[in-house]
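Enquirer: Just so we're on the same page, the numbering used here is the position in the sequence shown counted from 1, plus 684.
Every residue, glycine too, gets a C-beta built ideally from N, C-alpha and C.
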Amino acid sequence: MNPKRIIHLKDGKSESKKQYVIYWMQQSQRVHYNHALDYAIQMANQHDLPLLVYFGLTPNYPDANLRHYTFMLEGLKEVKNILNKFHINFLFKLESPEKGVKNYLKNAHALIMDYGYLRHQKLWRKEVLDFAIENCVDLQVDMVDTDLIVPVKVASDKAEYGAYTLRPKIKRLYLEFRDFSKITTIHNQKKLEFESDNDLSNIKKLTDSLDIDHTVTASPIYKGGYIEASKLFYDFLENKASDYINSNDPSLGLTSKMSMYLHFGQISALEIMDRMFLAIDHGHLDGASFDAYIEQLLVRRELAFNYVTFQKGYDKFETMTEPWAYMTMNEHELDRREYLYTSEELENQQTHDIYFNAAMKEMVYTGYMHNYMRMYWAKKIIEWMPTYKEAYDTIVYLNNKYFIDGRDPNSYEGIAWCFGKHDRAWTERSVFGKLRYMNAKGLERKFNIEGYVNDVQNIVNNCHSIVKS
Ligand SMILES: Cc1cc2nc3c(=O)[nH]c(=O)nc-3n(C[C@H](O)[C@H](O)[C@H](O)COP(=O)(O)OP(=O)(O)OC[C@H]3O[C@@H](n4cnc5c(N)ncnc54)[C@H](O)[C@@H]3O)c2cc1C
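1. Leaving aside the five residues before and after Leu938 along the sequence, list all residues of the same chain whose C-beta is less than 7 Å from its C-beta, in chain order.
2. Mind checking Asn1138: buried by the 16 CB within 10 Å criterion, or exposed?
3. Between His966 and the rest of its own chain, which residues show a CB-CB distance below 6 Å, the 5 nearest in sequence each way excluded?
4. Go ahead and label Pro934 buried or exposed: buried means 16 or more other beta carbons lie within 10 angstroms of its beta carbon, across all protein chains shown.
5. Ends of the alpha helix (DSSP H) at Lys694?
6. Buried or exposed, going by whether 16 or more other CB atoms sit within 10 Å of the CB of Ser952?
7. So, Phe948 versus Phe755, is the Cβ gap smaller than 8 Å?
8. For a quick check, are the C-beta atoms of Ile817 and Lys697 less than 8 Å apart?
9. Which residue marks the beginning of the beta strand (DSSP E) containing Asp826, and which one marks its end?
10. Would you kindly work out how many angstroms separate the C-alpha atoms of Leu946 and Thr1005, rounded to a whole number?
11. Let me check understanding here. Comparing Cα to Cα, which of Glu811, Ile905, Thr899 and Ser940 lies closest to Asp919?
12. Straight-line CA distance for His968 to Lys701?
13. Kindly indicate which three-state DSSP category Arg1113 falls into: helix, strand or coil?
14. Output needed for Trp1008: all residues of its chain with C-beta closer than 8 Å, excluding positions within five of it in sequence on either side, in chain order.
15. Given Glu1112, which residues of its chain have a CB within under 6 Å of its CB, disregarding the five upstream and five downstream residues?
16. Of the choices Arg1120, Tyr1052, Gly1126 and Lys1064, whose alpha-carbon is the least far from that of Gly1090?
17. Can you check whether the CB of Leu884 is closer than 8 Å to the CB of Pro736?
18. Okay, do the region 836-852 and the region 804-816 touch, 3+ Cβ pairs below 8 Å being the bar?
19. Just the C-alpha distance for Tyr858 and Val834, rounded to the nearest angstrom, thanks.
20. For the alpha helix (DSSP H) holding Ile1099, just list the boundary residues, first then last.
21. Can you tell me whether Leu981 sits near ligand 1, meaning its C-beta is under 7 Å from at least one heavy atom of the ligand?
22. Could you pull out every unbroken alpha helix (DSSP H) segment of at least 4 residues lying fully inside the region 909-973, listed in chain order?
23. Closest to Pro734 by C-alpha separation, out of Leu876, Leu795 and Asp863, would be which residue?
24. Is Trp1110 a contact residue of ligand 1, with contact defined as CB to any heavy atom under 7 Å?
25. Any heavy atom of ligand 1 closer than 7 Å to the Cβ of Phe1087?
26. Which stretch, first to last residue, makes up the alpha helix (DSSP H) that contains Val1140?
27. Buried or exposed: Tyr1023, going by 16 or more other Cβ atoms within 10 Å of its Cβ?
28. Helix, strand or coil for Gly740, going by three-state DSSP, please let me know.
29. What are the residues that DSSP puts in a beta bridge with Tyr1023?
30. Could you tell me which residues DSSP puts in a beta bridge with Ala794?
31. Any contact of the region 1077-1094 with the region 1116-1134, i.e. 3+ C-beta pairs under 8 Å?
32. Met1059: beta carbon under 7 Å from a heavy atom of ligand 1?
33. Helix, strand or coil, according to DSSP, for Asn1041 in the structure here?
34. So what's Phe878 in DSSP terms, helix, strand or just coil?
35. Expressed to the nearest angstrom, what Euclidean distance is found between the alpha-carbon atoms of His1054 and Phe776?
36. Less than 8 Å separating the beta-carbons of Ile706 and Ala792?
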């Protein structure tokens, strides 16, 4: 592993032999290509200790609902089974992880955490570290970034202006971070006597028992877990990747659908990239398609992580974009809006725009939407709400409620982009000012957008009554 992935947070002075090494799995919910897990196994082996992988499930995760919990638990069920096969202890607890994990630190030689880039994820890790500093003198604490190909602060020590400033930095470094080959075998396979709160065999029963928002049902199309991610990616490589340069057209369905798996850490971006390299080596893929995909997976995705790292108020209207964008919005705040819709009308697909309605429908029913339609969808909300702040709040609300990949660094950056972040000023016009404008005519000119509308309708027809009112 490239040592730049590791942040050493606290020394341990282990005088007496401890019972295990603990890996608190939170962001990276997988076994394959998990550097944090591998690092924890290696440390356990060095000290001839077993490994305990801890996962705490809180019903209060910000903005999460049944759709998100189901997807996540489908992945965790697989994680548990694989870890069992590898003779690694997996402890699943129904408790807030930053509180629960503290109960297992006293007897641990070391705590390994994976890296989480959002504010609450950082606060959780800080709380646990502070507790360890106060109460566990002999515990070593390390954090490992296994979510990104190039960790944010290795690539850049500042907020980047856009993809064009980050790209050369990342491109210089990313080959150094092709640094995973195979998960290490655990030597000490002792079974630890901890009782999990649930065996994860019946996810429906578990989610029924959770005090969470049940109004957004699980996606009937997308199932969570590494195996599903892997199958989908295989299909992408076989049937779509070589045409990826045309993937901007929402009617062609040429994208990989990896974002939801990446969001829960169920597959690693590095594994995806390694598979793309393999496809090139085997002659399945040409350089142009490879480059186009890597631009999204590596540059655009990592720009979003740079954004949430350095833009402190990344999730507030007042602090998420550039001064020029606020200036132009101030100047156009009172412009007359031709159409005005409430948040409910938008959510219920009751607008005059069939393309918006189709996109919103896809999102509500399946939990996914194509990138181009996400841009169009958000731009229309900006156009149809009385104020920019209301538009921003509505976009974030709907994004995080329905998208399986919602509540991600990509969510906040993607939305901020619609308000000018990492974009440039365009020709001034009503309502949008200098923000980039998108319209239905553009969709009609560039794509078979009718085809997209029909596809969504077909998907919906195949789903039964999915969203409870
Ligand atoms: C208004 C708006 C809201 C968005 N909300 C989210 C969100 O909640 N969660 C989320 O993960 N993404 C979000 N995005 C970014 C992007 O639309 C999705 O990541 C992408 O559509 C996921 O589909 P895919 O995996 O099939 O992409 P592919 O085209 O197959 O791309 C492969 C991977 O590259 C990355 N990627 C692709 N497009 C982008 C992009 N524009 N910015 C950053 N990374 C990208 C993703 O990790 C994606 O999985 C949003 C974009 C906009 C404009």
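Expert: With the given structure in hand:
1. What you label residue 938 is simply residue 254 of the sequence shown in a count that begins at 1. These residues qualify, in order along the chain: Lys924, Asp927, Tyr928, Asn930 and Ser931.
2. Your numbering for residue 1138 matches position 454 in the sequence shown. Result: exposed.
3. To locate residue 966, count along the sequence shown from 1; it is residue 282. Non-local C-beta neighbours of His966 in its own chain, meaning closer than 6 Å and more than five positions away in sequence, are absent.
4. Counting from one through the sequence shown, the residue named residue 934 turns up at place 250. The residue is buried, with at least 16 neighbouring Cβ atoms inside 10 Å.
5. The sequence position of residue 694 within the sequence shown is 10, counting from 1. Boundaries around Lys694 are those of the beta strand (DSSP E), Ile690 to Lys694, since no alpha helix (DSSP H) includes it.
6. On the sequence shown, residue 952 is found 268 positions in, with the first residue counted as 1. Burial is judged here by how many other beta carbons sit within 10 angstroms of a residue's own beta carbon; Ser952 has at least 16 and is buried.
7. By 1-based counting over the sequence shown, the position of residue 948 is 264. By 1-based counting over the sequence shown, the position of residue 755 is 71. Contact: yes.
8. Sequence index remark: in the sequence shown, residue 817 carries index 133 (1-based). Sequence index remark: in the sequence shown, residue 697 carries index 13 (1-based). Using a Cβ distance threshold of 8 Å, Ile817 and Lys697 do not count as a contacting pair.
9. The count along the sequence shown starts at 1 and reaches residue 826 at position 142. For Asp826, the enclosing beta strand (DSSP E) stretches over residues Gln824 to Val828.
10. Here residue 946 refers to the residue found at position 262 when the sequence shown is read from its first residue. Here residue 1005 refers to the residue found at position 321 when the sequence shown is read from its first residue. Rounded to whole angstroms, Leu946 to Thr1005 spans 25 Å at the Cα level.
11. As a position in the sequence shown, residue 919 is number 235, starting the count at 1. Asp919 has its Cα closest to that of Ser940, out of Glu811, Ile905, Thr899 and Ser940.
12. Within the sequence shown, the letter at position 284 stands for residue 968. Within the sequence shown, the letter at position 17 stands for residue 701. Straight-line measurement puts the Cα of Lys701 at about 52 Å from the Cα of His968.
13. Here the question's residue 1113 lines up with position 429 in the sequence shown. Assignment of Arg1113 by DSSP, reduced to helix, strand and coil, places it in the strand class.
14. Here residue 1008 refers to the residue found at position 324 when the sequence shown is read from its first residue. Answer for Trp1008: Gly1104, Ala1109 and Lys1118, listed in chain order.
15. Working through the sequence shown from its first residue, we reach residue 1112 at position 428. Answer for Glu1112: Lys1118, listed in chain order.
16. Here residue 1090 refers to the residue found at position 406 when the sequence shown is read from its first residue. When each option's Cα is compared against that of Gly1090, the closest is Tyr1052.
17. Locating residue 736 in the sequence shown gives position 52, counting from the first residue. Locating residue 884 in the sequence shown gives position 200, counting from the first residue. It should be pointed out that residue 736 corresponds to Leu in this sequence rather than to Pro. Leu736 places its beta carbon 8 Å or farther from that of Leu884.
18. The region 836-852, when compared against the region 804-816, does not touch it at the 8 Å Cβ threshold.
19. Counted from its first residue, the sequence shown places residue 858 at position 174. Counted from its first residue, the sequence shown places residue 834 at position 150. Their Cα atoms are separated by approximately 6 Å.
20. For the purposes of this step, residue 1099 is taken as residue 415 along the sequence shown, with counting starting at 1. Element bounds for Ile1099: Pro1093 to Cys1102.
21. As a working mapping, residue 981 is identified with position 297 in the sequence shown. Correct: Leu981 has its Cβ closer than 7 Å to ligand 1.
22. DSSP runs (the alpha helix (DSSP H)) wholly in the region 909-973: 910-923, 943-947 and 953-965.
23. One-based indexing of the sequence shown puts residue 734 at position 50. That would be Leu876, whose Cα lies nearest to the Cα of Pro734.
24. Taking the sequence shown and counting its residues from 1, one reaches residue 1110 at position 426. Checking the 7 Å criterion, the Cβ of Trp1110 is out of range of every heavy atom belonging to ligand 1.
25. Within the sequence shown, numbered from 1, the residue matching residue 1087 stands at position 403. Result yes, Cβ under 7 Å from ligand 1.
26. Mapped onto the sequence shown, residue 1140 falls at position 456. Ile1133 to Asn1146 is the span of the alpha helix (DSSP H), which, as asked, contains Val1140.
27. For the purposes of this step, residue 1023 is taken as residue 339 along the sequence shown, with counting starting at 1. With fewer than 16 Cβ atoms within 10 Å of its Cβ, Tyr1023 is classed as exposed.
28. Translated into the one-based positions of the sequence shown, residue 740 becomes position 56. Residue state, collapsed to three classes: strand.
29. As a first step, residue 1023 must be located in the sequence shown, where it is residue number 339. According to DSSP, Tyr1023 bridges with nothing at all.
30. On the sequence shown, residue 794 is found 110 positions in, with the first residue counted as 1. Paired residues: Gln824.
31. No, they do not touch.
32. Start at 1 with the first residue of the sequence shown, and residue 1059 comes out as number 375. At least one heavy atom of ligand 1 is nearer than 7 Å to the Cβ of Met1059, so yes.
33. As a working note, residue 1041 is residue 357 in the sequence shown. Under the three-state reduction of DSSP output, Asn1041 falls in the helix class.
34. Here residue 878 is taken as the residue at index 194 of the sequence shown, counted from 1. It is coil, neither helix nor strand.
35. In the sequence shown, residue 1054 corresponds to position 370, counting from 1. In the sequence shown, residue 776 corresponds to position 92, counting from 1. So the two alpha carbons sit approximately 34 Å from each other.
36. Counting from one through the sequence shown, the residue named residue 706 turns up at place 22. Counting from one through the sequence shown, the residue named residue 792 turns up at place 108. Result yes, Cβ atoms of Ile706 and Ala792 sit closer than 8 Å.
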